[in-house]
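This report refers to the structure that appears directly beneath it.
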Amino acid sequence: MSWIESILYWAGFPIESRDVLLNRTQPNVRYFKAKSDYVQIPISKNGLEGIWKLFFEDKAEEDQMILVPYGGRMHESSEFEISFPHRAGNLNKIQHLVFWGEEEVEASQNYINWIRKLYGYMTPYVSRFPRAAYINYRDLDIGVNEKGNTSYAKASIWGIKYFKNNFNRLVQVKTKVDPSNSSGMNKVFHSSTHGETRAENKILGEIKCFSICILTCGLIFIFVIRILYN
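Numbered by numbering that gives the first Met the number 0, the letters in the sequence shown go through residues 0 to 229 in order.
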């Protein structure tokens, strides 16, 4: 099977003809929820047995756990070389997936609850401080910007999971390159940090002025003392 045939297969299309890709309608509408993890030490036998049990539960009828092996070229680059930080030290990236076809809200919530349960179970077996996540498997559970009510501190909750220590660098670049947010990217990458920077600069300015005043008063005091005793 070629790569393009695998794309057709996973999308639910017949693999005989690529012309079907020109038709933008999908034959079967399926809903799904995805989450991600990074594995840094081998999962124990007991851990794997627990995963196996979860996959036999009722709401795990159509689920996947995709383990993508890391190493090799992935480990040759520093985690600070580009924004993608998940390099040396990771054995696997995991994509947790659950699919369903029911349209009812209650049914959807049941499947979502199941994958959240699986994600909770995986906690001892995956990365921590932070529990890392892959940016292309966008997961609203780990955090999302609130329109008109966000900040650098709030965005760090999810930003550090995706970008680790590179999140701070991304914020700095966005603030300098696009302070007016003309690109339409996440507002937190510039405005909140810009505001906090202005506040910090104001405080530093006040401290500087206060220090100058103290120094000036000290010099005047010394000058007066010298005059009196001379």
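Glycine included, each C-beta is placed from N, C-alpha and C at the ideal position.
Quick one: is W9 buried, meaning 16 or more other Cβ sit within 10 Å of its Cβ, or exposed? One-based indexing of the sequence shown puts residue 9 at position 10. Result: exposed.
Give me the residue from E4, R29, A33 with the minimum Cα distance to V19. By one-based count along the sequence shown, residue 19 stands at place 20. The candidate whose alpha carbon is nearest that of V19 is E4.
Own chain, CB closer than 6 Å to N165, minus 5 neighbours either side, in chain order: Position 166 of the sequence shown, counted from the start, is the residue given in the question as residue 165. Cβ contact annotation for N165 (same chain, cutoff 6 Å, sequence separation greater than five): S82, P84, in chain order.
Please decide whether G88 counts as near chain B, where near means a Cβ-Cβ distance under 8 Å. Of the protein chains in the structure, only one exists, and it is not chain B.
From H95, G142, K173, F128, residue whose alpha carbon lies closest to that of F31: Reading the sequence shown from its first residue, position 32 is the one you call residue 31. With distances taken between Cα atoms, F31 lies closest to H95.
Return the bridge partner residues of D36 from the DSSP annotation. Taking the first residue of the sequence shown as 1, we reach residue 36 at position 37. By DSSP's assignment, D36 forms a beta bridge with I93.
At least 3 beta-carbon pairs within less than 8 Å: the stretch 39-50 vs the stretch 96-112: With the rule of 3 Cβ pairs closer than 8 Å, the stretch 39-50 does not count as touching the stretch 96-112.
Do you know offhand how far L90's Cα is from E80's? As a first step, residue 90 is located in the sequence shown; it is residue number 91 there, counting from the start. As a first step, residue 80 is located in the sequence shown; it is residue number 81 there, counting from the start. In a straight line, the C-alpha of L90 is about 19 Å away from that of E80.
By how many angstroms is the C-alpha of V38 removed from the C-alpha of M121? Residue numbering aside, residue 121 sits at position 122 when the sequence shown is read from its first letter. Residue numbering aside, residue 38 sits at position 39 when the sequence shown is read from its first letter. For the pair M121 and V38, the Cα-to-Cα distance works out to about 10 Å.
Whose C-beta lies closer than 6 Å to the C-beta of K58 among residues of the same chain, with five residues either side of it excluded? Position 59 of the sequence shown, counted from the first residue, corresponds to residue 58. N109, Y110, W113, listed in sequence order.
What three-state label does DSSP hand F166 in the structure shown? Here the question's residue 166 lines up with position 167 in the sequence shown. Of the three classes helix, strand and coil, the one that applies to F166 here is helix, per DSSP.
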